[in-house]
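Asker: Below is the structure I would like to discuss, written out as structure tokens.
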Amino acid sequence: MTARILIVDDQPDIRKLIRLTLQHLDDAEVFEAENGLDGWLMAQDIKPNVMLLDVMMPGELDGYQVCDKVKKHPELGRTTKVILLTARAQKEDLEQGRKVACDAYLTKAFSPLKLLDLVDNMLGRST
Amino acid sequence: MQKAAPSGSNPLLVLLDLIDSALLLFSEDGHVVFANQAAKLMESRPSLVLGSDPRVRTLVGAIAQGKSATQTSLRVEAMSDRGITPLDCRFAPKPIAGLVALAVKEVVADAAFEERPAPEAAGDQRPSLQQIMELLRGELLPPIQDVVHKARAAPPAESVPGLQDGLAALTERLDRMVDLVDVFGEDVLITDERILVVDLVRSTCQELAPSVRGQRVSIVFKGEKDDLPPVYGSQRMVRRALYECLHNAVVHARQSIDPSLPVGVEIGFRASGQHLLVSISNMGALSAATLNQHASALFRPALADDPRTASAPPVMRIGLPLAQRILQLHGGRLRIEQDSAQELHVMLELPTGAPRRNTHHLDMLQAQIYAEDLSKLLASGRTRRPA
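Residue numbers (our numbering), protein chains in the order written: chain C, 138 to 264; chain Z, 56 to 442.
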């Protein structure tokens with residue numbers, strides 16, 4: 138089954154790099170959103186299997202809030218895995234990630250190999 | 056200069072072409088071996104200019120040999136159709152597969168003005184933080200110097216041990232703060248902490264609890280919701296601005312009203328587009344019925360013997376102009392409206408979410424890590440199959 142992966146990040150370079158990396162996944166369709174609100178609306182529409190969600194984004198919703206909404210959504214909460222992307226991983230950031238029930242945390246600048254492993258893991262695929 | 060390699064089907068070079076920032080790759084002898092599309096489109100032709108710059112060559116050589124641990128950036132001036140264009144060059148600190156990567160950015164005077172308009176040009180009369188530091192120094196230094204003078208003139212029996220030293224240290228610290236801002240600009244004081252404004256207002260009200268209790272002022276919260284968006288910035292500075300506004304509201308609420316009557320201040324929260332609005336309004340004298348009506352929304356400070364408040368040092372007031380400036384530094388603003396002697400409305404407006412970023416350096420580091428690992432991935436012929 139084709140996996141749907143949604144990248145939500147306000148930095149176009151990062152979205153491009155992640156998309157390039159995810160090309161190494163078989164049977165995956167990649168979607169992009171450039172802010173939290175668009176990401177949340179798109180998530181409800183495409184119902185992604187995995188969301189790669191930047192934490193610090195300008196606008197109405199930051200990554201933590203989007204994650205919170207996804208995890209509290211009756212359907213997405215069960216089916217969508219959320220990987221939070223952050224430029225920092227201090228104790229309080231990790232704690233906040235746990236509060237909104239994110240599935241994994243990836244610190245920028247991150248390795249594409251680690252990203253692929255993590256996404257595979259979230260999709261329940263072996264590498 | 057050697058002819059820069061075309062990206063062709065080499066996935067690493069294709070990757071570098073995708074990046075919006077201008078990137079060059081140098082061989083260890085200082086020749087440009089690759090320029091990405093963004094670099095090729097620059098009018099200042101960095102691949103030509105930087106490839107022949109002796110300082111660049113020296114630095115490339117040092118990085119290639121692992122000798123340059125400290126200096127990884129420099130500015131080079133290039134001639135273009137627009138005249139002399141300064142180029143900001145930032146090198147990756149380590150070579151990648153024997154090549155030295157460089158991110159380059161044109162510094163265009165006009166563009167710089169567009170990004171940060173000069174106060175006169177933009178008709179913006181906001182004081183810069185440097186001016187505010189001068190203002191602070193102007194405000195604080197005279198009384199400090201006055202006390203120092205009196206301490207020196209006082210008979211020994213009346214002098215307080217260490218007073219002069221303490222004040223001299225304080226003066227020196229103020230000078231250092233001014234220097235710090237001079238060197239690093241305003242950004243040095245602005246961080247990117249995630250701030251939940253409702254929580255911050257509540258804890259600021261707690262700081263004000265002695266004053267609130269003493270003046271029989273009730274604070275009513277309106278519009279508190281769990282899903283109000285966060286703002287990003289310096290929690291400490293936003294707290295000071297909030298403290299100033301709330302303190303003013305409490306003092307103002309008490310004015311001209313019979314001291315035997317309780318008075319109220321309403322604090323409202325509302326998200327509007329990409330802004331969070333915090334309104335502070337004077338409710339005037341409150342009847343028992345009104346107090347009952349708002350019972351569930353009343354702020355109830357911790358008790359006076361609570362160790363959190365009992366040992367709290369007095370907070371220094373900063374004044375509304377500085378509170379205004381703090382909000383401006385966070386991309387927001389402060390509005391004060393007074394309808395009548397008693398009707399005072401204060402509105403704090405802050406942009407929600409993180410500030411729009413210029414993470415040129417992070418992108419460079421990220422690109423470097425991607426380039427290194429993608430190379431490994433492609434070399435291993437790794438394929439992935441669904442389970």
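Heads up, the beta-carbon is just placed ideally off N, CA and C, and yes, glycines get one too.
Using a beta-carbon distance below 8 Å, is Lys-228(C) in contact with chain Z?
Answerer: As a first step, residue 228(C) is located in the first sequence; it is residue number 91 there, counting from the start. Chain Z contact via Cβ: absent.
Asker: Is the beta carbon of Leu-403(Z) closer than 8 Å to that of Leu-384(Z)?
Answerer: Walking along the second sequence from the start, residue 384(Z) turns up at place 329. Walking along the second sequence from the start, residue 403(Z) turns up at place 348. Not a contact, by the Cβ cut-off of 8 Å.
Asker: Of all the CB atoms in chain Z, is at least one closer than 8 Å to the CB of Ile-151(C)?
Answerer: Taking the first residue of the first sequence as 1, we reach residue 151(C) at position 14. Yes, Ile-151(C) lies at the interface with chain Z (some Cβ there is under 8 Å from its Cβ).
Asker: With distances taken between CB atoms, is the gap from Lys-273(C) to Thr-223(C) smaller than 8 Å?
Answerer: One cannot answer for residue 273(C) here, as it falls past the ends of chain C, which runs 138 to 264.
Asker: Can Gln-421(Z) and Ile-151(C) be called in contact, C-beta distance under 8 Å?
Answerer: The count along the second sequence starts at 1 and reaches residue 421(Z) at position 366. The count along the first sequence starts at 1 and reaches residue 151(C) at position 14. Yes.
Asker: Run down chain Z in chain order and give the residues with a C-beta less than 8 Å from the C-beta of Glu-197(C).
Answerer: Position 60 of the first sequence, counting from 1, holds the residue named residue 197(C). Going along chain Z in sequence order, the residues near Glu-197(C) (Cβ under 8 Å) are Pro-284, Ala-326, Gly-328, Gln-329, Thr-407, Gly-408.
Asker: Tell me which residues share the same chain as Thr-127(Z) and place their Cβ nearer than 6 Å to its Cβ, disregarding the 5 neighbours each side in the sequence.
Answerer: Taking the first residue of the second sequence as position 1, residue 127(Z) is located at position 72. Closer than 6 Å at the Cβ level, and outside the excluded window around Thr-127(Z), lie Phe-146, Pro-148.
Asker: On the DSSP bridge assignment, give the partners of Asn-337(Z) in chain order.
Answerer: Numbered from 1 along the second sequence, position 282 holds the residue referred to as residue 337(Z). Paired residue(s): Val-320(Z).
Asker: Are the segment 338-354 of chain Z and the segment 285-301 of chain Z touching by the rule of at least three beta carbon pairs closer than 8 Å?
Answerer: Because the criterion of three Cβ pairs below 8 Å is not met, the segment 338-354 of chain Z and the segment 285-301 of chain Z do not touch.
Asker: Find the residues of chain Z that neighbour Gln-202(C), judging by a C-beta separation of less than 8 Å, and give them in chain order.
Answerer: The sequence position of residue 202(C) within the first sequence is 65, counting from 1. The contacting residues are Asp-282, Pro-284, Pro-285.
Asker: Grab me the residues of Pro-317(Z)'s own chain with a C-beta within less than 8 Å of its C-beta, minus the 5 sequence neighbours each way, in chain order.
Answerer: Numbered from its first residue, the second sequence carries residue 317(Z) at position 262. Cβ neighbours of Pro-317(Z) beyond the five flanking positions: Arg-271, Val-272, Ser-273, Ala-340, Leu-341, Leu-346.
Asker: Where in the segment 190-230 of chain C do unbroken runs of the alpha helix (DSSP H), each at least 4 residues long, occur, reported from the N-terminal end onward?
Answerer: You should have 200-209, 213-216.
Asker: Step through the CB atoms of chain Z and report whether any lies within less than 8 Å of the CB of Met-188(C).
Answerer: Locating residue 188(C) in the first sequence gives position 51, counting from the first residue. Chain Z, which has no Cβ nearer than 8 Å to the Cβ of Met-188(C), makes this no.
Asker: List the residues of chain Z that Pro-211(C) touches, going by C-beta distances under 8 Å, in chain order.
Answerer: Taking the first sequence and counting its residues from 1, the one referred to as residue 211(C) is at position 74. Near Pro-211(C) there are no residues of chain Z at all, since even the closest Cβ is about 17 Å away, more than 8 Å.
Asker: Checking contacts by CB at 8 Å: is Tyr-298(Z) closer than that to chain C?
Answerer: For this step, residue 298(Z) is matched to residue 243 along the second sequence. Chain C contact via Cβ: absent.
Asker: Using DSSP with H/G/I as helix, E/B as strand and the rest coil, what is Gly-408(Z)?
Answerer: Within the second sequence, numbered from 1, the residue matching residue 408(Z) stands at position 353. The answer is strand: DSSP assigns Gly-408(Z) an E or B state.
Asker: Considering only C-alpha positions, which residue in the set Arg-225(C), Glu-232(C), Ile-142(C) is nearest to Asp-164(C)?
Answerer: Residue numbering aside, residue 164(C) sits at position 27 when the first sequence is read from its first letter. The shortest Cα separation from Asp-164(C) among Arg-225(C), Glu-232(C), Ile-142(C) belongs to Ile-142(C).
Asker: Suppose only complete runs of 3+ residues qualify. What are the beta strand (DSSP E) ranges in the segment 144-174 of chain C, listed by chain order?
Answerer: DSSP runs (the beta strand (DSSP E)) wholly in the segment 144-174 of chain C: 165-170.
Asker: Given Val-187(C), which residues of its chain have a CB within under 6 Å of its CB, disregarding the five upstream and five downstream residues?
Answerer: The sequence position of residue 187(C) within the first sequence is 50, counting from 1. Cβ neighbours of Val-187(C) beyond the five flanking positions: Ile-142, Lys-218, Val-256, Met-259.
Asker: Taking Glu-227(Z) as the reference, which of Val-69(Z), Leu-196(Z), Glu-161(Z) has the closest Cα?
Answerer: Within the second sequence, residue 227(Z) is the residue found at index 172, counting from 1. That would be Leu-196(Z), whose Cα lies nearest to the Cα of Glu-227(Z).
Asker: Report all residues from its chain with a CB closer than 6 Å to the CB of Glu-171(C); omit the five preceding and five following residues, and keep chain order.
Answerer: Numbered from 1 along the first sequence, position 34 holds the residue referred to as residue 171(C). The residues are Asp-147.
Asker: Do you know offhand how far Glu-98(Z)'s Cα is from Arg-112(Z)'s?
Answerer: Taking the second sequence and counting its residues from 1, one reaches residue 98(Z) at position 43. Taking the second sequence and counting its residues from 1, one reaches residue 112(Z) at position 57. Their backbone Cα atoms lie some 21 Å apart in a straight line.
Asker: Can you find a C-beta in chain C that's less than 8 Å from the C-beta of Gln-383(Z)?
Answerer: Counting from 1 along the second sequence, the entry for residue 383(Z) is found at position 328. No, because no Cβ of chain C sits closer than 8 Å to the Cβ of Gln-383(Z).
Asker: If you compare alpha carbons, which of Ser-311(Z), Ala-409(Z), Phe-81(Z) is closest to Gly-173(C)?
Answerer: Your numbering for residue 173(C) matches position 36 in the first sequence. Nearest option by C-alpha distance: Ala-409(Z).
Asker: Determine the DSSP secondary structure at Cys-144(Z), reduced to helix, strand or coil.
Answerer: The residue given as residue 144(Z) occupies position 89 in the second sequence. Note: Cys-144(Z) maps to strand in three-state DSSP.
Asker: What are the residues in the segment 67-93 of chain Z lying within 8 Å of chain C by C-beta distance?
Answerer: Taking 8 Å as the Cβ-Cβ cut-off against chain C, the residues of the segment 67-93 of chain Z that qualify are Leu-70, Leu-73, Ile-74, Asp-75, Ser-76.
Asker: Quick check on the DSSP output: the beta strand (DSSP E) that includes Ser-99(Z) runs from which residue to which?
Answerer: Walking along the second sequence from the start, residue 99(Z) turns up at place 44. Looking at the DSSP string, Ser-99(Z) is not in any beta strand (DSSP E), and its letter there is neither H nor E.
Asker: Identify the residues that DSSP records as bridge partners of Gly-288(Z): which are they?
Answerer: Within the second sequence, the letter at position 233 stands for residue 288(Z). Answer is Glu-248(Z).
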